[in-house]
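A.B. asks:
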Amino acid sequence: MGENTKKITLPISEAEVRKLKAGDTVSITGVVYTARDMAHKYIIEGLLAKGSLPMDVKGQAIYYTGSTPAIPGQIIGSCGPGSGYRMDPYAPFLIEQGLRIMIGKGPINKTVIEAMKKHGAVYLAAIGGTGAIIARTVKKAEVVAYENLGPDAILRLEVENFTSIVAIDSNGNNLYAEAISKFGQ
Amino acid sequence: MREISTNLVTNAVERLCIRAASDLPFNVEELIQKSIQTEESPLAKEILGKILENAEYARNNNLPICQDTGIACLFVEIGQELTITGGVLSEAINEGVRRGYKKAYLRKSVAKDPLFDRSNTEDNTPAIISYTSVPGDRMHIKLLPKGGGSENCGAVKMLRPADGIDGVKEFLLQSVIEAGGKPCPPIIIGIGIGATLNHSALLAKRALCRPLGSHNNNPNYAKLEQEILDEINRTGIGPQGLGGRTTALAVQIEYRPTHIACLPVAVDINCHANRYKEVTI
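Protein chains in written order, with our numbering: chain L, 210 to 394; chain U, 63 to 343.
What follows is the structure in structure tokens.
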């Protein structure tokens, strides 16, 4: 989208992530991991119990999606974003571990935003309900952990030109919070 | 008495599940198209354009519009002069859901137990089925595959009769503002007013299955629908909650007589992917 799209490749450094500003459109190329409710629960339980994670999140992105099964011959099914707020109880732990980007839809809470400001991370909004066209940007998909969770298993996705919007940046600028004051009548 | 076999029902439900996932009712796209013209925010316009592109691509390629292909909600009207043979009707409906979700590679999104065992039932059953009996010898089935993101934004409130129209509006507006960007705006809003706690919620869900843009036959409620829609679109929430004029595409109210001491109001929010299909057997 937009002519001012910023291209980013993953993994990304703190300095690079801090350059992203709320309202920017970004196009991502590289590896993103999928994880949602139950996968986050397992990740954090593992982290607190053993101090380890099923994948290295340093400089990485987690995409909150649970795709439809791939039709034979396809890489992945529809894979649009899920709600970010459901991961609020877990996200700060991963940000502390070096996670730089979360991709979801809809607002997230203050605790997560404070962690983003402190450690340097952004929350990107992909467009909810556009999973069919988002699937075209996924070039490879493989299960990393928790296959038993079916659509909520952790996948490693290789994406090219995955487009999303910086909804909340590492200074806490927040398009969701600004919407009503800016556009309300 | 007319007789039909449960096989017929299973096949019909299977087809509804498959079609609903990738074939958005056209009037959703018409309403989005219209809203692009009045939208002020350039970002909102782009988002609405992507939503239209996705709906068309999904339909043309038989792909799910959204990865959340929903929990299957069905409204079944059974004519009193109809006999169903060959098994239990609810089982036949669930078998149709099972087959449709498997055959079309739709996501299975049902957890076995809400609290103690959230593992996946792996076939998207059980469906949520609501039956009513009607005159005649036909069966009418409506399917609304409901996504979790928008479902989580619904609410019911037992208002006092004294709260009246203003109380109803205030509750609805608060619910939509609180939902913000969570239910994937632009949203469609189903509202149930009256009846009882449980039934108002059922009316709200059923309201989502009404042809979009249609108004309640009662002019009082039709006017209320328009007023609520206008107020919601003045909030500024906008597409995806990122700001703009287009927060809701339609507000649809269903109402029923209620207890003399009660004023139940239920709001059921759906995302722009307001998928539903229906069939008469």
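Just so you know, even glycine gets a beta-carbon here, dropped at the ideal spot from N, CA and C.
Please report whether the beta-carbon of L:Tyr294 lies at a distance below 8 Å from any beta-carbon of chain U.
C.D. replies: yes
A.B. asks: Among the candidates U:Tyr338, U:Glu153 and U:Ala120, whose CA atom is the shortest distance from the CA of U:Ser67?
C.D. replies: U:Glu153
A.B. asks: Below 8 Å, how does it come out for the segment 334-347 of chain L and the segment 294-301 of chain L: are there three or more Cβ pairs, yes or no?
C.D. replies: no
A.B. asks: Using DSSP with H/G/I as helix, E/B as strand and the rest coil, what is U:Arg169?
C.D. replies: coil
A.B. asks: How would you list, in chain order, the residues of chain U whose beta-carbon sits under 7 Å from the beta-carbon of L:Ala350?
C.D. replies: Under the 7 Å cutoff, chain U gives no residues; its nearest Cβ is about 13 Å from L:Ala350.
A.B. asks: Determine whether the Cβ of U:Glu240 lies closer than 8 Å to any Cβ atom of chain B.
C.D. replies: Of the chains in the structure shown, none is chain B; the protein chains are L and U.
A.B. asks: Near L:Lys348, what residues of its chain come up, given a Cβ to Cβ distance below 6 Å and the 5 sequence neighbours on each side ignored?
C.D. replies: Cβ-Cβ distances below 6 Å link L:Lys348 to Glu367 and Glu369 in the same chain, with the five nearest sequence neighbours on each side left out; the list follows chain order.
A.B. asks: Looking at the unbroken beta strand (DSSP E) that takes in L:Lys367, where does it start and where does it end?
C.D. replies: Note on residue identity: the sequence assigns Glu, not Lys, to residue 367 of chain L. Looking at the DSSP string, the run of the beta strand (DSSP E) that includes L:Glu367 is Ile363 to Ile377.
A.B. asks: Please compile the residues from chain L whose C-beta is within a distance smaller than 8 Å of the C-beta of U:Leu304.
C.D. replies: Ala334, Ile374, Ala376, Leu384, Tyr385 and Ala388
A.B. asks: Straight-line CA distance for U:Ala189 to U:Thr320?
C.D. replies: 28 Å
A.B. asks: Would you mind listing the alpha helix (DSSP H) stretches within the segment 188-215 of chain U that are 4+ residues and don't spill past its ends, in chain order?
C.D. replies: 210-213
A.B. asks: Taking Cβ positions, are U:Leu205 and U:Ala134 nearer each other than 8 Å?
C.D. replies: yes
A.B. asks: For U:Glu184, which residues in chain L fall below 9 Å Cβ to Cβ?
C.D. replies: Gly359
A.B. asks: What beta strand (DSSP E) runs, 3 residues minimum, are completely inside the segment 212-274 of chain U?
C.D. replies: 217-221 and 249-257
A.B. asks: What whole-angstrom Cβ distance do U:Leu274 and U:Asn89 have, given they're in contact under 8 Å?
C.D. replies: 4 Å
A.B. asks: With respect to the beta strand (DSSP E) encompassing L:Met296, which residues constitute its N-terminal and C-terminal limits?
C.D. replies: It is not in any beta strand (DSSP E) - L:Met296 carries neither H nor E in the DSSP assignment.
A.B. asks: Less than 8 Å between C-beta atoms, sequence neighbours within five positions excluded: which residues of the same chain meet that for L:Ser287?
C.D. replies: Ser276, Thr277, Gly340, Ala341, Ile343 and Ala344
A.B. asks: Between the alpha carbons of U:Gln129 and U:Lys174, how many angstroms are there, rounded?
C.D. replies: 20 Å
A.B. asks: Consult DSSP for L:Met325 and reduce its assignment to one of helix, strand or coil.
C.D. replies: helix
A.B. asks: Thinking C-alpha only, which one of U:Ile253, U:Gly141, U:Ala83 and U:Thr183 is nearest U:Asp199?
C.D. replies: U:Gly141
A.B. asks: Counting only beta-carbon atoms, is U:Ser103 nearer than 8 Å to chain L?
C.D. replies: Yes, contact with chain L.
A.B. asks: Might you give, ordered along the chain, the residues of its own chain that have their beta carbon closer than 8 Å to the beta carbon of L:Val465, omitting 5 neighbours on each side?
C.D. replies: The structure shown does not extend to residue 465 of chain L, since chain L is modelled only from 210 to 394, so the question has no answer here.
A.B. asks: Can you pull the DSSP bridge partners for U:Asn313?
C.D. replies: First, the amino acid is wrong: residue 313 of chain U is Val here, not Asn. As computed with DSSP, U:Val313 is found in a beta bridge with U:Ile251.
A.B. asks: Listed from N- to C-terminal order along the chain, which residues in the segment 261-281 of chain L have their beta-carbon within a distance smaller than 9 Å of any beta-carbon of chain U?
C.D. replies: Thr274, Gly275, Ser276, Thr277, Pro278, Ala279, Ile280 and Pro281
A.B. asks: Tell me, please, which residues DSSP counts as bridged to U:Arg64.
C.D. replies: U:Leu144
A.B. asks: Report the start-end ranges of each alpha helix (DSSP H) in the segment 231-259 of chain L that is 4 residues or longer and not cut off at the edges.
C.D. replies: As far as the segment 231-259 of chain L is concerned, its whole alpha helix (DSSP H) runs of at least 4 residues are 246-259.
A.B. asks: Given that U:Glu115 touches chain L, what residues does it touch there, using C-beta distances under 7 Å?
C.D. replies: Contacts between U:Glu115 and chain L, judged by CB atoms closer than 7 Å, involve Ile342 in chain order.
A.B. asks: Of the residues that make up the segment 301-323 of chain L, which ones have a beta carbon closer than 9 Å to any beta carbon in chain U?
C.D. replies: Lys314, Gly315 and Pro316
A.B. asks: How many Å lie between U:Ser97 and U:Ala263 at the Cα?
C.D. replies: 28 Å
A.B. asks: To the nearest angstrom, how far is the alpha carbon of U:Pro247 from that of U:Thr145?
C.D. replies: C-alpha of U:Pro247 to C-alpha of U:Thr145: approximately 42 Å in a straight line.
A.B. asks: Looking at U:Tyr163 and U:Asn182, is the spacing between their C-beta atoms short of 8 Å?
C.D. replies: Not a contact, by the Cβ cut-off of 8 Å.
A.B. asks: Write down the C-beta distance between U:Met201 and U:Glu115 rounded to the nearest angstrom, noting that I regard them as a contact closer than 8 Å.
C.D. replies: The pair is not a contact, with the Cβ atoms about 37 Å apart (cut-off 8 Å).
A.B. asks: Tell me the start and end of each unbroken alpha helix (DSSP H) in the segment 328-362 of chain L that is at least 4 residues and wholly inside, in chain order.
C.D. replies: 340-343
A.B. asks: Does U:Arg222 pass the burial test, meaning 16 or more other C-beta atoms within 10 Å, or should it be called exposed?
C.D. replies: U:Arg222 counts as exposed, since fewer than 16 other C-beta atoms from the protein chains shown sit within 10 angstroms of its C-beta.
A.B. asks: Measuring alpha carbon to alpha carbon, tell me which residue in U:Leu136, U:Asn123 and U:Ser192 is nearest U:Glu76.
C.D. replies: U:Leu136
A.B. asks: Can you tell me which of the three DSSP states U:Asn332 falls into?
C.D. replies: U:Asn332: strand per DSSP, three-state reduction.
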